[in-house]
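Reading through the structure tokens given below for one structure.
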Amino acid sequence: RLFDEILSEVLGLGPIERLLQDVTVDEVMVNGPRKIYVERHGKIERVALVDGNFEFGDVGVLLNLPNTRTIADAAGENTDIDEELLDGIMPSHSSGIKVLLAPVRPELAGLVKVDQLKQIFDILTKTYVYTVIDLWKSFQDATIFFLDTADLIILVAATDIPSIKNAKLFFELTEQLQYRPEKVLLILNREDGRSSISPKDIEASIKHPIGALIPKDERTTLFSMQRGMPFVTTQRTVPLAQAIVALARTALQRIAPEKAAVSPSPKPSPQSKETTPSKNGLFSRK
Numbered sequence: 027r028l029f030d031e032i033l034s035e036v037l038g039l040g041p042i043e044r045l046l047q048d049v050t051v052d053e054v055m056v057n058g059p060r061k062i063y064v065e066r067h068g069k070i071e072r073v074a075l076v077d078g079n080f081e082f083g084d085v086g087v088l089l090n091l092p093n094t095r096t097i098a099d100a101a102g103e104n105t106d107i108d109e110e111l112l113d114g115i116m117p118s119h120s121s122g123i124k125v126l127l128a129p130v131r132p133e134l135a136g137l138v139k140v141d142q143l144k145q146i147f148d149i150l151t152k153t154y155v156y157t158v159i160d161l162w163k164s165f166q167d168a169t170i171f172f173l174d175t176a177d178l179i180i181l182v183a184a185t186d187i188p189s190i191k192n193a194k195l196f197f198e199l200t201e202q203l204q205y206r207p208e209k210v211l212l213i214l215n216r217e218d219g220r221s222s223i224s225p226k227d228i229e230a231s232i233k234h235p236i237g238a239l240i241p242k243d244e245r246t247t248l249f250s251m252q253r254g255m256p257f258v259t260t261q262r263t264v265p266l267a268q269a270i271v272a273l274a275r276t277a278l279q280r281i282a283p284e285k286a287a288v289s290p291s292p293k294p295s296p297q298s299k300e301t302t303p304s305k306n307g308l309f310s311r312k
């Protein structure tokens, strides 16, 4: 493994190396060092991921991305926010997405104002087909802005009592904010069937249907986090990855049913090699 990593570092193709090894990728188009387009299953779609936890965001760590430029670089009082600026501060991940990272220090979070977020979000929605925002458990002005603007909110809950209580409070808040019920997609995370509280019990308590069940798989998630490689690309056949792909398809059905209707299901190539963990976590997250 060490030999392969050294060889890849010396003779490899940098950030597009993993894309070329991904059997789901049909074509990779490079238009300069900052614009990489990926075609999967005959579709070219640009996706932006925003770390909305400005104080303690961990998207950059989980994706193994450098944090030399963050959203704080677009938050100056005299900063002229435009597409070129955002493109320059958003690193590209090997999966093909562009990422707007959270500030490197918690005290810098206060630099990001809602008015600036509106400018940033307006540019992102015009530049990218899909913009995904990873939020934390708070209801600050920035969070409310993202929730109000979102086409779809994915609420992640678990089978423990505190999580169920928080989910119920969230739905009470969405009623006060007059959100459409279908705007929120409730998913049950780390489900292993061992809890004394069943999904039906949770639905009855919250009075909202569960849209997806994500199985518990600590080994796969830990390996993915340590390597900075999404398991949906490295371990596509495991139930956890398949559940996430199904969740993405469900979300697409909510916001763009015409695209979901023609979206093909990814089929693992018989020649592909799944990465196995060595023996040696739009969008609220709980």
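Take the sequence shown: its letter number 265 is residue 291 in the numbering used here, and every next letter is one higher. Glycine included, C-beta positions come from ideal geometry on N, C-alpha and C. These numbers were taken from a predicted model, which means no experiment stands behind them.
Restricting to Cα atoms, I'd like to know which of the options is closest to residue i.
i    : options                   : result
T175 : K124, Q145, K233 and R275 : Q145
I228 : N192, T259 and G254       : N192
D160 : Q252, G237 and F172       : F172
R216 : P225, L143, Q279 and E201 : P225
N104 : G78, P256 and D141        : D141
F147 : I190, G237 and L112       : L112
S265 : M251, A277 and T246       : Note that residue 265 is Pro in the sequence shown, not Ser. When only C-alpha atoms are compared, the closest one is T246.
P132 : P117, V85 and N79         : N79
With a threshold of 7 Å (Cβ to nearest heavy atom), would residue i be considered close to the ligand HEM?
i    : result
H234 : The ligand HEM is absent from the structure shown, which contains no ligand whatsoever.
What's the C-alpha gap between residue i and residue j?
i    : j    : result
V138 : I97  : 8 Å
P290 : V271 : Reliability of the predicted coordinates at P290 is poor, the pLDDT of 49 falling under 50, and no value is obtained from them.
K242 : I223 : 15 Å
R95  : Y156 : 21 Å
D177 : R253 : 31 Å
S19  : E198 : Limits of the chain in this structure are 27 at one end and 312 at the other, which puts residue 19 out of reach.
E71  : T153 : 10 Å
L150 : E110 : 11 Å
V182 : L127 : 21 Å
For residue i, does the count of other Cβ atoms within 10 angstroms reach 16, so buried, or fall short, so exposed?
i    : result
Q204 : exposed
G219 : exposed
L248 : exposed
K124 : buried
L211 : buried
G114 : exposed
R262 : buried
A277 : buried
P188 : exposed
F165 : exposed
G136 : exposed
Kindly give me the distance between the Cβ atoms of residue i and residue j, rounded to whole angstroms, as I take these residues to be in contact under 8 Å.
i    : j    : result
I281 : I240 : Rounded, the Cβ-Cβ distance is 19 Å, inconsistent with contact.
S121 : P283 : Not really, about 24 Å apart at Cβ, beyond 8 Å.
V158 : V73  : 7 Å
N93  : G86  : 5 Å
Return helix, strand or coil for residue i, following the three-state DSSP convention.
i    : result
V264 : coil
L91  : coil
D186 : coil
V73  : strand
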